[in-house]
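K.L.:
For the sequence shown, the numbering used here begins at 59 and goes up steadily by one. Ideal Cβ positions, reconstructed from N, Cα and C, are used throughout, including at glycine. Just so it is clear, the structure is predicted and the values come from calculations on it, not from any experiment. Could you have a look at this structure, given as structure tokens, before my questions?
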Amino acid sequence: MTIGMASGGESTPTAVDVVILGAGINGAALARELVLNGLSVVVIDADDIAAGTTRWSTRLVHGGLRYLEYGELGLVRESLAERDRLLRLAPHLVRPLGFFVPVRGWFGGLFAAAARILGFEVLARRWAGARGRGGLAVACGLWLYDLLSTGSAWPRRCVVRSGAEGMPAVDADRYPLAGVYDDAQMVYPERFTVELLVDARSLAAEKDVLFRILTRRTARVEADGRLTVVPAAEAVRGTVEKIVLAPRAIVNATGAWVDHTLGELLPPGDGADGRPQSGESPTAQRLIGGTKGSHLLVDHAALRRALGKRGVYAEAADGRPVFVLPFGDRLVLVGTTDIPFPGDPSTARTGTDEIDYLLAAVRLLFPATAPSPGHVVQHYCGVRPLPARRADGRTPAGITRRHMLVRLAAAPLPLWSIVGGKLTTCRSLAEESAAEVLAVLGLPVAATSRNRPLPGACSLGEAEELVGRLATIAMKAGVPREGAPAMAQRLVGLFGARAGEALGIDPSLAGAGAVDRNSFEPLGDCPLPRGIVRFCLDLEWAETLADLVERRLLLDFDPELSEATLRAIASELVQAGRLAADAVDSEVTALRAMMAERYGKRLRGERLGDRD
Ligand SMILES: Cc1cc2nc3c(=O)[nH]c(=O)nc-3n(C[C@H](O)[C@H](O)[C@H](O)COP(=O)(O)OP(=O)(O)OC[C@H]3O[C@@H](n4cnc5c(N)ncnc54)[C@H](O)[C@@H]3O)c2cc1C
Numbered sequence: 059m060t061i062g063m064a065s066g067g068e069s070t071p072t073a074v075d076v077v078i079l080g081a082g083i084n085g086a087a088l089a090r091e092l093v094l095n096g097l098s099v100v101v102i103d104a105d106d107i108a109a110g111t112t113r114w115s116t117r118l119v120h121g122g123l124r125y126l127e128y129g130e131l132g133l134v135r136e137s138l139a140e141r142d143r144l145l146r147l148a149p150h151l152v153r154p155l156g157f158f159v160p161v162r163g164w165f166g167g168l169f170a171a172a173a174r175i176l177g178f179e180v181l182a183r184r185w186a187g188a189r190g191r192g193g194l195a196v197a198c199g200l201w202l203y204d205l206l207s208t209g210s211a212w213p214r215r216c217v218v219r220s221g222a223e224g225m226p227a228v229d230a231d232r233y234p235l236a237g238v239y240d241d242a243q244m245v246y247p248e249r250f251t252v253e254l255l256v257d258a259r260s261l262a263a264e265k266d267v268l269f270r271i272l273t274r275r276t277a278r279v280e281a282d283g284r285l286t287v288v289p290a291a292e293a294v295r296g297t298v299e300k301i302v303l304a305p306r307a308i309v310n311a312t313g314a315w316v317d318h319t320l321g322e323l324l325p326p327g328d329g330a331d332g333r334p335q336s337g338e339s340p341t342a343q344r345l346i347g348g349t350k351g352s353h354l355l356v357d358h359a360a361l362r363r364a365l366g367k368r369g370v371y372a373e374a375a376d377g378r379p380v381f382v383l384p385f386g387d388r389l390v391l392v393g394t395t396d397i398p399f400p401g402d403p404s405t406a407r408t409g410t411d412e413i414d415y416l417l418a419a420v421r422l423l424f425p426a427t428a429p430s431p432g433h434v435v436q437h438y439c440g441v442r443p444l445p446a447r448r449a450d451g452r453t454p455a456g457i458t459r460r461h462m463l464v465r466l467a468a469a470p471l472p473l474w475s476i477v478g479g480k481l482t483t484c485r486s487l488a489e490e491s492a493a494e495v496l497a498v499l500g501l502p503v504a505a506t507s508r509n510r511p512l513p514g515a516c517s518l519g520e521a522e523e524l525v526g527r528l529a530t531i532a533m534k535a536g537v538p539r540e541g542a543p544a545m546a547q548r549l550v551g552l553f554g555a556r557a558g559e560a561l562g563i564d565p566s567l568a569g570a571g572a573v574d575r576n577s578f579e580p581l582g583d584c585p586l587p588r589g590i591v592r593f594c595l596d597l598e599w600a601e602t603l604a605d606l607v608e609r610r611l612l613l614d615f616d617p618e619l620s621e622a623t624l625r626a627i628a629s630e631l632v633q634a635g636r637l638a639a640d641a642v643d644s645e646v647t648a649l650r651a652m653m654a655e656r657y658g659k660r661l662r663g664e665r666l667g668d669r670d
């Protein structure tokens, strides 16, 4: 099914049940839920899929141990249930991660925690003390966490002595005890979001309903309820026609941009049609009161070894929670800060003060292997889409992480905005939101995604087997014996069970069928094969070099990313007719400059201390 385009004059509007603005994890999960219920859906994003906060998060799928202190028992219970569900439905992207909570003694923090639960934030801060939470407070929290995760097959939590085997090697003199528990990590929420949309597309084909994704576009509601979709101000490539849609409902899932989107979506009118008059905001008050949070990616072999397989969840000197997490086999992810950020979320950047603050927190934990600013290979920063209305006296860390669906009465058609939400609860948020949208459209809930795996879902055992078979096929296609397992590993790590499909092969044939040797050529210096680029362009909505590097292949997290790799990808774009041959230099230069400016990423050979 196609969408009517107009290049100049009037076009016939395309009827669609729901338009979703924002292709972050929440917009994508909702799109899938609605298509699952037989609705036609168009998703519009001002940038690319998962280009917003989804990409700038700590990447944990967790119950939220610290939300217990704010009495958010319902949120913790929901998050724990969703954590277990996502581990089951997307085991290739959501993996269990053990946590270690170092404390300075048994006592401390109990009165502060009690005051916080009862809502006395000022007292809680006064009683918090310099030594942070003690073992008893942590044990109580872990006991509650256990209680709220009934049904989970995971081991019970406990308190251990520091220095125990297999535990992170924190400073045992300063932190003699630690709580131990399990949560999960979604290393690539970007890929999780793409897979939600891939699944929505398959469902739409099954149900024969319209499903489209329009990136680099924004939308405006006309007085008659029609929606005009226009190219976003930036990054307009070639001629992108104006599209006119006739939706029955709209959901604004633009996260930290929700208020800005509403202003754009419902430009001020004369007041006659219920729209805000010029100068008025579409909502009586702002919906979002975002806070920015920064992260560091640290390349320090001794620190990575000291961390081992577990993440550390600790307190910085000022008592704020800080995570020190394994990020693949080589890097350590440190986050985060929590600073009110009223500006345009796209302009949020990590400050040097935040880098110092996070490094100081790591130094307290791991003084013997403390990283210096030179070990920070990149940093990143996102704005949390938190509700603007907050309980009196609450610090940014205390603002609820619960999500809500807010309906805007002044709009000429049903229009909701999603406020808040986490990676962890994207599916339950989608289920709740879909139920409300369906009800308003007069339709029953016919299905839910509670037991629907993502398209790439495969267990650890299946993934290992697939890696073996793909490595064999890669060798038959001419990939050197020493490089084939790394290529297969990387492919399965990104695409899960879809790794074979991504290269146009059926891995169950173990290479017996014809294999296109060209698609196994390496992409510059990176172990991924060239063929994967075409797959992302044709079947995963990638359009630009940045889409491929940052949100499909996740190469920006590779400390060895080189200019040769960027050029190899750009040349695939040229071959696919997506980039003019004479634009390769400027495309590569622009991406390098953007990565350096936005998140301090340098290519191999450009970093201070690089030997080559
Ligand atoms: C520092 C930090 C750490 C976090 N850590 C975790 C964590 O560990 N675990 C967890 O569960 N959650 C975490 N979160 C929360 C979680 O990341 C977010 O709540 C979630 O990603 C929000 O997703 P979203 O889809 O609502 O928004 P986004 O991912 O921001 O998506 C919104 C989309 O809207 C698009 N857009 C903007 N304006 C327009 C427009 N006018 N028209 C169309 N599209 C537009 C953007 O390009 C973007 O793609 C963290 C958040 C932050 C900031």
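#1: Just to check, is the beta-carbon of Asp-103 closer than 7 Å to a non-hydrogen atom of ligand 1?
#2: State the Cα-Cα distance for the pair Val-119 and Leu-206, rounded to the nearest angstrom.
#3: Verify whether the separation of the beta carbon atoms of Val-392 and Leu-354 is less than 8 Å.
#4: Using C-beta distances below 8 Å, list every residue in its chain close to Val-316, excluding the 5 sequence neighbours before and after it, in chain order.
#5: Buried or exposed: which applies to Met-244, given that a residue is buried once 16 or more other Cβ atoms fall within 10 Å of its Cβ?
#6: Which of the three DSSP states, helix, strand or coil, is assigned to Gln-243?
#7: Would you check whether ligand 1 has a heavy atom nearer than 7 Å to the C-beta of Pro-445?
#8: Return the bridge partner residues of Asp-357 from the DSSP annotation.
#9: With a floor of 3 residues, list each beta strand (DSSP E) that falls wholly inside the segment 534 to 609, ordered by position along the chain.
#10: Return the CA-CA distance between Ala-555 and Asp-574, expressed in angstroms with no decimal places.
#11: By DSSP, does Gln-343 sit in helix, in strand, or in coil?
#12: With Val-434 as the anchor, note down where its beta strand (DSSP E) starts and where it stops.
#13: Give the DSSP-derived three-state secondary structure of Glu-630 in the structure shown.
#14: With Ala-510 as the anchor, note down where its beta strand (DSSP E) starts and where it stops.
#15: Is the beta carbon of Val-287 sitting closer than 8 Å to the one on Ile-301?
#16: Is the number of C-beta pairs between the segment 385 to 403 and the segment 480 to 499 that are closer than 8 Å three or more?
#17: Following a CB-centred definition, is Ala-109 positioned closer than 7 Å to any heavy atom of ligand 1?
#18: Can you grab the Cα-Cα spacing for the pair Ser-137 / Ala-648, in whole Å?
#19: Taking Cβ positions, are Leu-471 and Gly-163 nearer each other than 8 Å?
#20: Does the segment 232 to 248 come within contact of the segment 102 to 114, defined as at least 3 CB pairs closer than 8 Å?
#21: Once you ignore the five residues that flank Val-196 on each side, which residues in its own chain have a CB closer than 6 Å to its CB?
#22: For Ser-517, which of helix, strand or coil comes out of DSSP?
#23: State the DSSP-derived secondary structure class of Phe-269, mapped to helix, strand or coil.
#24: Is it true that the segment 626 to 637 meets the segment 585 to 596, where meeting means three or more beta-carbon pairs spaced less than 8 Å apart?
#25: Using three-state DSSP, classify Thr-530 as helix, strand or coil.
#26: Any chance the CB of His-437 is under 7 Å from a heavy atom of ligand 1?
#27: Is there at least one non-hydrogen atom of ligand 1 closer than 7 Å to the beta-carbon of Ser-475?
#28: Less than 8 Å separating the beta-carbons of Thr-273 and Trp-599?
#29: Where does Met-653 sit, in a helix, a strand or coil, going by DSSP?
#30: For the beta strand (DSSP E) holding Thr-276, just list the boundary residues, first then last.
#31: How many angstroms separate the CA atom of Leu-88 from the CA atom of Ile-107?
P.N.:
Concretely, from the data shown:
#1: yes
#2: 16 Å
#3: yes
#4: Asn-310, Leu-345, Ile-346, Pro-443, Ser-475, Ile-476, Val-477
#5: buried
#6: strand
#7: no
#8: According to DSSP, which records beta bridges pairwise, Asp-357 is partnered with nothing at all.
#9: 584 to 587
#10: 20 Å
#11: coil
#12: 434 to 442
#13: helix
#14: A quick correction: the sequence has Arg, not Ala, at residue 510. Run containing Arg-510: none; DSSP gives neither H nor E here.
#15: yes
#16: no
#17: yes
#18: 39 Å
#19: no
#20: yes
#21: Val-159, Val-161, Gly-237
#22: coil
#23: strand
#24: yes
#25: helix
#26: no
#27: no
#28: yes
#29: helix
#30: 275 to 279
#31: 14 Å
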